[in-house]
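Numbered as in the UniProt record's numbering, the sequence shown ends at 277 without a single skipped number.
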Amino acid sequence: MTQNWNSLWIAAAMTISAVGVASVAGLIWKKKKRSLAKVGTVSKLHFFPVKGLKSIEVNKGKCTELGFEVNGLLDRSFMLIDSEGVLLSQKKAPTLALLTVRIDDKTLTISTPSGEKLKVEIKDSVSADDKIVPCRIVNDLTKAVDCGDEAASFFQSYLNNPGVRLLRYFPKMIEREYSPTGTKRPFDLELRKENPHLAFQNYTAFHLVSKPSVDDLNSKLQDKEVSDLNFRPNIVVDGCKPFEEDSWNYIKFSSGSLLCNLLLFKSVRQRAIIAVS
């Protein structure tokens, strides 16, 4: 069901670290009989086709168990890996933040600041000749489809990294296996239990931030300001108090409900990066 994202309601209930589809959350509301209070409105929706790259701002989307879906494509359906098969993010390759993304029908176009372009077909399903490779996303092991040598060459040249590959997630592929490289943390275990089905998101299917919180942060910064995009959210909320979202356990939109936990993310300053020459 396409969501109407105008009004945002919350209830103070027991914390559940998960994001669910509207129909599931609706059942929880009815069972718990929690009262709701309107706290604000949704001001922006961001869709990230490629994990680690820029977003596309949209005015509507579909809420699914696997995350935000726009025109049949899931949020963070594509991601980059290094030569060891490990997620390559902005933390390791900050110039990824300079790449722009566009979708036209069934074509994903990625452009560099110098104007070089890569076009990738947005396929509906896995084909028999697709190469499926193992990969790691934070604490999880999984498998995904390799997007081929042309895509790999584009990113290898841009990042000056010969081991980079572009991968694609498809629904109903192998589920992610929790396999941390270090000590198992209760927080991670709980998130995996509540979010067993994900695309290439780190922990949960959706990420929310409020504009007042970002504004409050900017009022305390001594140097350049940050924007909501520094925190890479799908949903930006306005009309609430700064950091009020930290106390929200359930959120409900005007046409459906979501269970949501909020994640902290160390921001990469996207406008202060020098492009690769």
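Virtual Cβ for every residue (Gly too), placed ideally from N, Cα, C.
| request: Examine the Cβ distances between the region 147-161 and the region 212-223 and report whether three or more of them are shorter than 8 Å. | output: They do not touch, by the three-pair rule.
| Which stretch, first to last residue, makes up the alpha helix (DSSP H) that contains A151? | Within the sequence shown, residue 151 is the residue found at index 151, counting from 1. Its alpha helix (DSSP H) spans residues 149-159.
| request: Taking only the alpha-carbon atoms, compute the straight-line gap between S111 and V209 and give it to the nearest angstrom. | output: Counting from 1 along the sequence shown, the entry for residue 111 is found at position 111. Counting from 1 along the sequence shown, the entry for residue 209 is found at position 209. Looking at the backbone, the Cα of S111 and that of V209 are separated by about 27 Å.
| said: In this structure, how does DSSP classify L99 when only helix, strand and coil are distinguished? | reply: Here residue 99 refers to the residue found at position 99 of the sequence shown. The DSSP-derived three-state label of L99 is coil.
| query | What number of angstroms, rounded off, separates the C-alpha of S125 from the C-alpha of A205? | reply | Sequence index remark: in the sequence shown, residue 125 carries index 125 (1-based). Sequence index remark: in the sequence shown, residue 205 carries index 205 (1-based). In this structure, the straight-line span from the alpha carbon of S125 to that of A205 is close to 21 Å.
| Close-in-space but distant-in-sequence residues of the same chain around F243 (CB under 6 Å, 5 per side omitted) | Walking along the sequence shown from the start, residue 243 turns up at place 243. Answer for F243: S213, listed in chain order.
| field | For H46: DSSP bridge partner residues | value | Locating residue 46 in the sequence shown gives position 46, where the first residue counts as 1. Within the DSSP bridge table, the entry for H46 names E57 as partners.
| Is residue 324 helix, strand or coil by DSSP? | The structure shown does not extend to residue 324, since the chain is modelled only from 1 through 277, so no value can be given for it.
| query | Under a three-way DSSP split, which group does D129 fall into? | reply | The residue given as residue 129 occupies position 129 in the sequence shown. Coil.
| Touch check for the region 96-107 and the region 43-54: three-plus C-beta pairs under 8 Å? | Three or more beta-carbon pairs separated by less than 8 Å link the region 96-107 to the region 43-54, which places the two stretches in contact.
| task | Assign E175 to one of two classes, buried (16 or more other C-beta atoms within 10 Å of its C-beta) or exposed (fewer than that). | result | As a working mapping, residue 175 is identified with position 175 in the sequence shown. So E175 ends up on the exposed side.
| task | Give me the Cα-Cα distance between A37 and D75, rounded to the nearest whole angstrom. | result | Locating residue 37 in the sequence shown gives position 37, where the first residue counts as 1. Locating residue 75 in the sequence shown gives position 75, where the first residue counts as 1. Each residue's CA atom was taken as its position, placing A37 and D75 some 29 Å apart.
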